[in-house]
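Trainee: So in my numbering, spot 44 of the sequence shown is number 27, and the numbers just go up one at a time. C-beta atoms are modelled at their ideal positions from N, C-alpha and C, and glycine is treated no differently.
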Amino acid sequence: MDWRCCVVIGTQELEGVRSADHAVSGAGAPGDGPATLLAEVAPVISREAAEAIRRELSVYASEDLEHGLELAIAIGIGHFVDSLTRPGLDDEAVLGFFTRVGADETRAGRSLLTLQSAVNIAARVLVRHLTRVLAPWDLISTASYGRVIEEVFPFVNRIMAAAAQGRAEARGGDEADDLDRARRALVGVLLGDTEPAADDLARLARQAQWHLPRTVAVVVLSGDDEDQRRPWGLAPDVLEGLYLTEPCLIVPDPDGPGRAAQLASALAGRAAAVGPTVTVTRAARSLAWARRTLALAGEGRLPGAGLVRATDHMPALVILQDPELVTHIAARRLAPLHELRPGKRHAYAETLQAMMEHSFNAQAAAERLHVHPQTIRTRLRRLDELFQGSYHDPDLHLEFLIVLRAWLDAATPDTDPDWFTSPPAPTRRR
């Protein structure tokens, strides 16, 4: 970016931001306390962030870029600090500024990933200072402190989304079309039936201007959602396959700092599922599990709404791989529950599951189910009578845990699973 030009643009922009901030707040400067201290140290944070960027990214070390770099950081950090004490503060002016930053970076021949690195460094410095300023204040609860820190990452994502928009506007024409084709080819290879060769993948990633990560996770979006545009707030290194029959996103380094919060924010209100983290060459496997998770969540067989994570439901996903076999075994293995009144079966099934998962420790099972330990012991005696102790057999332990999970996932406290309507016919002994 031509930072000398940015100094002029940025000064005008900063005045516009300040005017907008004042119009929203209408309350003047914040009162004494952490908010005032944050406002006072904002210039220090900006200078330290600029120094860290110049030190770690040689591309920004030129003296010609010094003032513009510091100004851009001051605009971003100053607005974020103001937003902490002024709910509803308008981002439009700041995001408009970073849209121009993205365009100018592109014209200067620098990639968006370079800008992302600079923004990440500034965010790291900001979080360190937020921790130093807020942590000692007894008036700030742990939950409130956590929410402040978590706000950094969505703000970073909004800045980068704006910069990506500026980059797209600056590129235009045939060059943008070539990049789009290269990225579509990369997505096709990553999600194909055959695991890609490392050399081929590296070549396609270079053509797509995508830094090849070690790990990825695939997010599948509901095809029923009419809005299939790129979700606002995604980092620019997230590959999109929104044009596919089953729209999806490929998220690099999904377990990195801020990624989970970014996805949750960008996909808020949309039905989606994220597959497990895998090596980049196995992205198709993450896609398969994400598809399965979204389908089961849509059927109501997995709890939760919005973004559902496959890794939060792995036992259920394994069990439901062949639901017919599992329900057949469950109906047979749990048949003794029919000896109980319908209204009691759910509580007894929960008790048996809790006891087996806690090595038959009544105290631990009682704490999990929020009942008295004596209640657990009474139920277990009745279960021993019904099942004749069969669940103590080590060879059947895993089978019981699987079928109990399937039974409880499909039942409610008042109703049995629909496939558990009557006991199976007794097996004739020879």
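In angstroms, rounded to a whole number, what distance separates the CA positions of L290 and V257?
Mentor: Whole-angstrom Cα-Cα distance: 7 Å.
Trainee: Any contact of the segment 162 to 170 with the segment 235 to 245, i.e. 3+ C-beta pairs under 8 Å?
Mentor: no
Trainee: List, from N- to C-terminal side, the beta strand (DSSP E) runs of 3 residues or more that fit wholly inside the segment 172 to 222.
Mentor: Those beta strand (DSSP E) runs which fall completely within the segment 172 to 222 and span 3+ residues are 198 to 204.
Trainee: From T228 to L204, what does the alpha carbon distance come to, in whole angstroms?
Mentor: 10 Å
Trainee: Can you pull the DSSP bridge partners for R292?
Mentor: V257
Trainee: With a cut-off of 8 Å on the beta carbons, I'd call A35 and I104 a contact; round off their distance for me.
Mentor: 5 Å
Trainee: Measure the CB-CB distance between E53 and A33 and report whether it falls below 8 Å.
Mentor: yes
Trainee: Cα-Cα, which of L285, A267 and T89 is closest to T177?
Mentor: Just measuring C-alpha positions, the residue of L285, A267 and T89 sitting nearest T177 is A267.
Trainee: Going by DSSP in three states, L96 sits in which element: helix, strand or coil?
Mentor: In the structure shown, L96 sits in a helix (DSSP, three-state: H, G or I).
Trainee: Just to confirm before moving on: does the CB-CB distance between R150 and E88 stay below 8 Å?
Mentor: yes
Trainee: Could you check the C-alpha separation between L366 and L320 for me, to the nearest Å?
Mentor: 8 Å
Trainee: Report the rounded CA-to-CA distance for E23 versus R69, giving the unit in angstroms.
Mentor: 16 Å
Trainee: I'd like the ranges of any beta strand (DSSP E) spanning at least 3 consecutive residues and lying wholly in the segment 284 to 358.
Mentor: Runs found: 290 to 292.
Trainee: Evaluate the contact criterion for the segment 377 to 389 versus the segment 310 to 326: three or more CB pairs, one atom per stretch, below 8 Å.
Mentor: yes
Trainee: Kindly indicate the opening and closing residues of the beta strand (DSSP E) around V234.
Mentor: C231 to P235
Trainee: When we look at the beta-carbon of V301 and count the other beta-carbons within 10 Å, is it buried (16 or more) or exposed?
Mentor: exposed
Trainee: Where does the unbroken alpha helix (DSSP H) through S45 begin, and where does it stop?
Mentor: It is not in any alpha helix (DSSP H) - S45 carries neither H nor E in the DSSP assignment.
Trainee: Would you kindly report the start and end of the unbroken alpha helix (DSSP H) that includes D392?
Mentor: H380 to A393
Trainee: Can the beta-carbon of H329 be found less than 8 Å from the beta-carbon of P396?
Mentor: yes
Trainee: Work out the CA separation of P235 and T198 for me, nearest whole Å.
Mentor: Each residue's alpha carbon lies about 6 Å from the other.
Trainee: Along the chain, where does the alpha helix (DSSP H) containing D87 start, and where does it finish?
Mentor: E75 to R90
Trainee: Please list the terminal residues of the continuous alpha helix (DSSP H) segment that includes T228.
Mentor: Element bounds for T228: n/a, residue is neither H nor E.
Trainee: Measuring alpha carbon to alpha carbon, tell me which of D295, D220, E282 and H353 ends up nearest L96.
Mentor: D220
Trainee: Can you tell me the Cα-Cα spacing of G61 and Y331, whole angstroms?
Mentor: Rounded to whole angstroms, the gap between the alpha carbons of G61 and Y331 is 58 Å.
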